[in-house]
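Chemist: One structure follows; several queries about it will come next.
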Amino acid sequence: MLIHKRIQPRSICALVKRFHLSCSPASPLFCLPPHSVHLLSAEVPDLHSLLLRHAGAITSGHSSNPFLAAKLISLYTSLHRPDLATGVFSSAVAQNLKDTFLWNSIIKTHFSNADFTVSLLYFRQMLAAGVPPDQFTVPMVVSASAELLFVVLGSCIHGASIKNGILNGKCSGVGSSLIFMYSKCGIIGDAFKAFDEISERDVVAWTALIIGCVRNGQSKLGLLCLVEMHRVGKDGGTKPNSRTLDGGLQACANLGALHEGMCLHGFLLKTGSGWSASVRSSLLSMYAKCESFEETVLAFDELSEKDTVSWTEVLAAYAKKGLLIECLKLFLAMIDSGVEPDGVSISCMLLGFTNSCCIHGGKAFHAIMLRKDFEFSKPVISSLLMMYCKLGQLDAAETFFGCIHLQSADPWNLMICEYEKAGMDIKCLDLFREMQFNDLGANIDQNTVRVKALRRLNYLLHGEDRL
């Protein structure tokens, strides 16, 4: 039963409206002979071993058993072979069309493989066959709808789940997936409504709400939710996990809330739980964005695995302080550790040269960038121009600007401002006209600079300010 049609969310919505008519109890358990159970009871180290056991199931005549087929589908999925999992499903579903567990297995296969469209197509076929979804189906298809931003489809599934009792207030998995879907689609108000429908809220539901707030620019609201979660969980209730604390630290970083971030750090130290690589990275990012230099360095030293982002965070901290020698040592250590610097980390190095007023070092670093063939991305180009301009090297900035071929307004805007500051009004206006000719767009600041330059030229020509 391979599916080749493109997904039509409206057609699924129509089927969702019907699925409450066909709800029935879960499929009964199927008994298997001991030798068939043994085929899949042990660990499967590789694909070859699984294929042998699959062949054994076929020869024994039990490959179409829904339990055995679902187990095979799961194992093929774990070995990253969704094609073989689909083949098992196609063979088994003909004899077990109404088995919800079997349909859930194939939907999960494609959902786990990030084939969200295919998982929804199987959901559509499941509904068309009259197979009732259950509390395990709904979270997967709602999350798939979220990834594809199919909010209308997700809302239809939400309504049908309430009507059929799948979302009964106690099934937190369904509620959490709805919170994720609404927040992913930017409808944070509906995410809170979905949260209110859950009577027994676990850590997954709280975490989905907190992270949803943070990702939708509502970091303060996310922190308030974390505080409320801690309050209701004091008496042996729900405790935050690493994902919850990760979201809280991101909220503190976005708000520059150093005190609240340190409280979360203290909670981690006190409980000794919730530590993960992601939490440690978020802790570093929080201290860096809150400009707490000493804590940033300490958090960086505690990282066991340092990626480009963590190296860049501490590089930026040193650069803001103007600690050029430390910046250089850290940059070299980053390269020696095998981590490739990106445009942001290179920009941090250039900021270090700018803040320490070391133009000779900046020029030398520029030369190294050319020799080592570092990427000249937009932030790198802007940082180089800024370094030359701020350190009084307008000629060098002009030379570099003439060599780049980048259709971005930022370098042009920077050079126009610097020409105006230096009193080079004709060059300022010429570059402004060229920028307009190339259709790069000029912002309000650049129009203000243009007016200032015109005023000065008019005064020189006529001895008065007529603009």
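Just so you know, we're using full-length UniProt numbering here: the sequence shown kicks off at 1 and counts up by one. Using N, Cα and C, we set each Cβ at its ideal position, and we do this for glycine too. Note that this is a predicted model, so its numbers are computed, not measured.
Please report the distance separating the alpha-carbon of L149 from that of S155.
Modeler: Walking along the sequence shown from the start, residue 149 turns up at place 149. Walking along the sequence shown from the start, residue 155 turns up at place 155. About 11 Å.
Chemist: Using the Cα positions of E398 and H110, report the straight-line distance between them to the nearest angstrom.
Modeler: The residue you call residue 398 lines up with position 398 of the sequence shown. The residue you call residue 110 lines up with position 110 of the sequence shown. Their Cα atoms are separated by approximately 54 Å.
Chemist: Does the distance from the C-beta atom of K321 to that of F293 stay below 8 Å?
Modeler: Against the sequence shown, residue 321 aligns to sequence position 321. Against the sequence shown, residue 293 aligns to sequence position 293. Contact flag set, yes.
Chemist: Can the beta-carbon of A317 be found less than 8 Å from the beta-carbon of A288?
Modeler: In the sequence shown, the residue the question calls residue 317 occupies position 317. In the sequence shown, the residue the question calls residue 288 occupies position 288. For A317 and A288, yes; Cβs fall inside 8 Å.
Chemist: With a threshold of 7 Å on Cβ separation, who are the neighbours of I198 within its own chain once the five nearest residues in sequence on each side are excluded?
Modeler: Here residue 198 refers to the residue found at position 198 when the sequence shown is read from its first residue. Around I198: G169, S172, G175 and A205.
Chemist: Buried or exposed: where does G256 fall if 16 or more other Cβ atoms within 10 Å of its Cβ makes it buried?
Modeler: For the purposes of this step, residue 256 is taken as residue 256 along the sequence shown, with counting starting at 1. Label assigned to G256: exposed.
Chemist: Does the separation of the CB atoms of T160 and L178 fall below 8 Å?
Modeler: Numbered from 1 along the sequence shown, position 160 holds the residue referred to as residue 160. Numbered from 1 along the sequence shown, position 178 holds the residue referred to as residue 178. Looking at the sequence provided, one finds Ala at residue 160 rather than Thr. Result no, Cβ atoms of A160 and L178 do not sit closer than 8 Å.
Chemist: Which same chain residues, not among the five before or five after A422, have their C-beta less than 8 Å away from its C-beta?
Modeler: Against the sequence shown, residue 422 aligns to sequence position 422. Counting only Cβ-Cβ distances below 8 Å, and skipping sequence neighbours, we find L394.
Chemist: Am I right that M349 and L391 are in contact with their C-beta atoms under 8 Å? What's the rounded C-beta distance?
Modeler: As a working note, residue 349 is residue 349 in the sequence shown. As a working note, residue 391 is residue 391 in the sequence shown. No, M349 and L391 are not in contact; Cβ-Cβ is about 15 Å, not under 8 Å.
Chemist: Have a look at G233 and A55 and give me their C-alpha separation to the nearest angstrom.
Modeler: To locate residue 233, count along the sequence shown from 1; it is residue 233. To locate residue 55, count along the sequence shown from 1; it is residue 55. Computed Cα separation, rounded: 51 Å.
Chemist: Could you spell out the range, first to last residue, of the alpha helix (DSSP H) harbouring T308?
Modeler: The sequence position of residue 308 within the sequence shown is 308, counting from 1. Here the alpha helix (DSSP H) through T308 covers T308 to K321.
Chemist: Alpha carbon to alpha carbon, how far is G272 from A92?
Modeler: Walking along the sequence shown from the start, residue 272 turns up at place 272. Walking along the sequence shown from the start, residue 92 turns up at place 92. G272 and A92: Cα-Cα distance of roughly 48 Å.
Chemist: My assumption, with CB atoms under 8 Å, is that G247 sits in contact with V214. Please give the rounded CB distance.
Modeler: As a working note, residue 247 is residue 247 in the sequence shown. As a working note, residue 214 is residue 214 in the sequence shown. The pair is a contact, with the Cβ atoms about 5 Å apart (cut-off 8 Å).
Chemist: Just to confirm, is the Cβ distance from I107 to M140 under 8 Å?
Modeler: As a first step, residue 107 must be located in the sequence shown, where it is residue number 107. As a first step, residue 140 must be located in the sequence shown, where it is residue number 140. Yes; because the gap between Cβ atoms is below 8 Å, this pair is in contact.
Chemist: Is the beta carbon of I381 closer than 8 Å to that of P411?
Modeler: On the sequence shown, position 411 is the one that residue 411 refers to. On the sequence shown, position 381 is the one that residue 381 refers to. Closer than 8 Å, so yes.
Chemist: Figure out for me which residue from D202, E200, P240 and I210 has the closest Cα to the Cα of F192.
Modeler: Locating residue 192 in the sequence shown gives position 192, counting from the first residue. Looking at the Cα atoms, I210 is the closest of the given residues.
Chemist: Expressed to the nearest angstrom, what Euclidean distance is found between the alpha-carbon atoms of E260 and V309?
Modeler: Translated into positions along the sequence shown, residue 260 becomes position 260. Translated into positions along the sequence shown, residue 309 becomes position 309. Between E260 and V309, the C-alpha separation is close to 23 Å.
Chemist: So the candidates are P379, G402, F331 and C389; which of them puts its Cα closest to the Cα of I368?
Modeler: As a working mapping, residue 368 is identified with position 368 in the sequence shown. When each option's Cα is compared against that of I368, the closest is F331.
Chemist: When you compare only the Cα positions, how much space is there between V131 and K71?
Modeler: Locating residue 131 in the sequence shown gives position 131, where the first residue counts as 1. Locating residue 71 in the sequence shown gives position 71, where the first residue counts as 1. Rounded to whole angstroms, V131 to K71 spans 20 Å at the Cα level.
Chemist: Is DSSP giving I198 helix, strand or coil here?
Modeler: One-based indexing of the sequence shown puts residue 198 at position 198. In this structure, I198 counts as coil in the three-state DSSP scheme.
Chemist: For a test of the three-state rule: what should DSSP assign to W275, helix, strand or coil?
Modeler: Here residue 275 refers to the residue found at position 275 of the sequence shown. W275 falls in the coil class under three-state DSSP.
Chemist: Take S74 and list the residues in its own chain whose beta-carbon comes closer than 7 Å to its own, dropping the five residues that flank it on each side.
Modeler: Numbered from its first residue, the sequence shown carries residue 74 at position 74. Within the same chain, S74 has close Cβ partners S105.
Chemist: Quick check: the Cα distance between D373 and L429, rounded to an integer number of angstroms?
Modeler: Within the sequence shown, residue 373 is the residue found at index 373, counting from 1. Within the sequence shown, residue 429 is the residue found at index 429, counting from 1. One C-alpha to the other measures close to 34 Å.
Chemist: Which of the three DSSP states, helix, strand or coil, is assigned to R81?
Modeler: For the purposes of this step, residue 81 is taken as residue 81 along the sequence shown, with counting starting at 1. Reduced to three states, the DSSP call for R81 is coil.
Chemist: Let's test the definition: count the other Cβ atoms within 10 Å of the Cβ of F180 and tell me whether it reaches 16, buried, or not, exposed.
Modeler: What you label residue 180 is simply residue 180 of the sequence shown in a count that begins at 1. Per the 10 Å Cβ criterion, buried.
Chemist: Consult DSSP for S60 and reduce its assignment to one of helix, strand or coil.
Modeler: Position 60 of the sequence shown holds residue 60. Note: S60 maps to coil in three-state DSSP.
Chemist: For my contact list, A253 and S285 are in at a C-beta cut-off of 8 Å; report their separation, rounded to the angstrom.
Modeler: The residue given as residue 253 occupies position 253 in the sequence shown. The residue given as residue 285 occupies position 285 in the sequence shown. Right, their Cβ atoms sit about 5 Å apart.
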